[in-house]
Structures are given as structure tokens and as C-alpha cells.
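Each remark here refers to the structure printed beneath this line.
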Amino acid sequence: MANSSPRTLSTVENTCRVIDTLEEMDGATVTELADALGLSKPGVYNHLATLKKMEFVVKSDGEYRLSLKFLNKGRYVLDTNLLHIAGENVTEELAEETGEFSHLMTCEFGRGVYLHKVQGEKGISENFNKMKRRTHDFLHWSSSGKAYLAHLPPEEARTIVEEQGLPSMNENTITDQAELFEEFETIRKQGYAINDQEEILGTRAIGAPIQNDNGLYGAISISGPKSRFSFEKLHNELSEKVIEAANIISVNISTLQNQ
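At position 193 of the sequence shown (counting the first as 1) the number is 212 in my numbering, and the numbers step up by one without a gap.
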């Protein structure tokens, strides 16, 4: 049987690896990149020279770093993203209203991507949340991710789980597929998902899916310390707030789609 995968260019793949590694290493020399990538120094230099010519990297004191051109590209992606346009203000209002951290998430390539994070006056884990804005996250250990997965067609959710795996952050993380899909049934019935210290010990979160007749777009959530996020508060006051926020964003998306 013929391979149905599209043909790719190894040179472009290596250029992308150079970009990713420059980010991971927070800048590097040609030698450091060659060692990290397992490529020849002349080959790495050619990739860097091309990226520099196209203004995607800058060089200072023999070290290459990603340029601010990526910032412009990132702003374009955010400014044209339907969920971000519809949900940015709502996420900010949710953080202000609750005083906690609020999160607007979507999914790309089977991982969660945070389009917007806002720290309320009582919000905790600022550095951790800043880091999360720069990563594609596993979906199974966050309330946003579980809310999203639970509302996908089951086979699509199963494909994501099988491809991405269920790594553990701590002893509370759900790492059994059957247990996770059993929880999805509860999430669909109640309309929201809870993260009970499954990502960070001492922290709980609650998230609701953002969807309309045209599809599922992402999820919005609130996180905070378990001392303030009792189960009674999660299932009552906070569930109402995240569901309301998700509904407002859904209406905003529908309005934008009909313009």
C-alpha cells in the first residue's frame, strides 16, 4: 500500500528545527546549535544565514536569536483569530470579576494553546502562567483541555489522546484512557470540567467549552488555590461564571460570523 503522507522537504524541516531550538536554548552559537541538532556546522550556518537574510534571526557577539519579526507574525495570528477576537474582553472581565486567573484556550495539532491569560487581583502562579502562554499544552490535565476534549466527537477525542498520550504531572493526573472518557460523560452532562490538582498540586480549576452551531472553538477557565476553590464553590458559583462567559463568547463568535 502506497504511503499517503505528503512529501516534505528535509531542508525546510531542519530550518524549522533550528527555529524551535533557538527558542528552547534562548539563543545559541552555530556550534551549540549543530551539537543540539546533530547537524554539521556548515549546514546549520547556511540555515542561519538564510534566516538572517529573511530577518527571522539576529546575530550578536556570535550568538543567534529569534528576531522580533516573530512578534509581528504572532500579533497577526492573534488579531485575526476568531476566538481571540470574541473572547479577549470576556476573559479579562472574568478575571476582574473573580479576582483569579482566567484562561482562554483553543486546540491546535492535538494540544492546547492559550490565546489569552489574565491575572486577577488574587491570581496565583504568575510565572507558571506566563510560561504556559508560550507552550502547546497537553489537554487531559487542565479543565479547559478536558472541557474541550469532552465535547469533541468521541473518535476525534480518542485520536488526540492516542497520538498525544496521557503523561502524568503528579499522582492526581488521569493517565488511564477509560477513566478519562468516563469523566467526559460527566463533563458533558454538567457543562463544565474540573481540574482537581491534576496539573499543579494545591491548585484547582474549572472550565467550560466554547461552541455554537458551527463547531467547537475552545474553552474558558478559572484557576486558583484549592483553599479558595472548594468543591461547593466550583459546582455552584464558579461553574455559573465560566458557563456564562463561554456562552457570551459563543454569541460573540456567532455575531462575527454573521457580519
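We treat Cβ as the ideally placed atom computed from N, Cα and C, and that holds for glycine. Quick caveat: nothing in here was measured; it's all calculated off a predicted structure.
Cβ-heavy atom distance, residue i to the ligand FMN, below 6 Å
{"i": "D45", "result": "In the structure on display, the ligand FMN does not appear, and there are no ligands present to speak of."}
Where residue i sits in the DSSP three-state scheme
{"i": "G243", "result": "strand"}
{"i": "R298", "result": "Because the chain is modelled from 20 through 278, residue 298 falls outside the range shown and cannot be assessed."}
{"i": "H159", "result": "coil"}
{"i": "K141", "result": "coil"}
{"i": "F250", "result": "helix"}
{"i": "E116", "result": "helix"}
{"i": "T125", "result": "strand"}
{"i": "L134", "result": "strand"}
{"i": "L28", "result": "coil"}
{"i": "Q276", "result": "helix"}
{"i": "N100", "result": "coil"}
{"i": "V261", "result": "helix"}
Residue burial classification, residue i (beta-carbon count within 10 angstroms, cutoff 16)
{"i": "A21", "result": "With a pLDDT of only 47 at A21, under 50, the local geometry of the prediction cannot be trusted, and no value is derived from it."}
{"i": "Y83", "result": "buried"}
{"i": "Y95", "result": "exposed"}
{"i": "Q230", "result": "buried"}
{"i": "F89", "result": "exposed"}
{"i": "S246", "result": "exposed"}
{"i": "G131", "result": "buried"}
{"i": "T125", "result": "buried"}
{"i": "A197", "result": "exposed"}
{"i": "S273", "result": "exposed"}
{"i": "V270", "result": "exposed"}
{"i": "P4", "result": "A query on residue 4 cannot be resolved here, the shown segment of the chain reaching from 20 to 278 and no further."}
{"i": "S79", "result": "exposed"}
{"i": "G93", "result": "exposed"}
{"i": "L28", "result": "exposed"}
{"i": "L87", "result": "exposed"}
{"i": "L52", "result": "buried"}
{"i": "L275", "result": "exposed"}
Nearest to residue i (by Cα), restricted to the options the options
{"i": "G30", "options": "S79, N189, L58", "result": "Checking the sequence, you will find Thr at residue 30 rather than Gly. Closest by alpha carbon: L58."}
{"i": "R223", "options": "A176, L28, E251, Q183", "result": "E251"}
{"i": "M150", "options": "L134, K165, G164", "result": "L134"}
{"i": "R241", "options": "A105, V109, E42, K60", "result": "The amino acid at residue 241 is misidentified as Arg; the sequence shows Ile. Here the closest residue by C-alpha is V109."}
{"i": "E217", "options": "T192, T34, M73", "result": "T192"}
{"i": "Y211", "options": "I219, E256, E182, E175", "result": "E256"}
{"i": "N214", "options": "G226, R207, K208, F203", "result": "G226"}
{"i": "F200", "options": "K165, N277, E51", "result": "K165"}
{"i": "F128", "options": "L67, D156, H254", "result": "D156"}
{"i": "G46", "options": "N277, R153, V76, E145", "result": "V76"}
{"i": "T50", "options": "K72, I38, G81", "result": "G81"}
{"i": "P244", "options": "S258, L220, T194, I179", "result": "L220"}
{"i": "E204", "options": "E182, G106, A176, E181", "result": "A176"}
{"i": "E112", "options": "K260, A68, Q278, Q276", "result": "K260"}
{"i": "F248", "options": "I206, P61, F147, I143", "result": "I143"}
{"i": "N277", "options": "E32, A105, K71, V37", "result": "A105"}
{"i": "N33", "options": "G62, K71, I268, E182", "result": "G62"}
{"i": "N65", "options": "V37, E181, L85", "result": "V37"}
Chain D within 7 Å of residue i, Cβ atoms only
{"i": "L185", "result": "Although the question refers to chain D, the structure presented lacks it and comprises just one protein chain."}
(request) Ignoring anything shorter than 3 residues or poking outside the region 163-240, list the beta strand (DSSP E) runs there in chain order. (result) 212-215, 222-231
(request) Mind the definition here: the region 114-129 touches the region 138-151 only if three or more C-beta pairs lie below 8 Å; say whether that holds. (result) yes
(request) Answer yes if the region 186-196 comes into contact with the region 157-168, meaning at least three C-beta pairs across the two stretches below 8 Å, and no otherwise. (result) yes
(message) I'd like to know if the region 108-118 and the region 255-273 are in contact, where contact means that at least 3 CB-CB pairs between them fall below 8 Å.
(response) yes
(request) Ignoring anything shorter than 3 residues or poking outside the region 31-92, list the beta strand (DSSP E) runs there in chain order. (result) 76-79, 82-85
(message) Check whether the region 228-248 and the region 168-181 are in contact - that is, three or more C-beta pairs closer than 8 Å.
(response) yes
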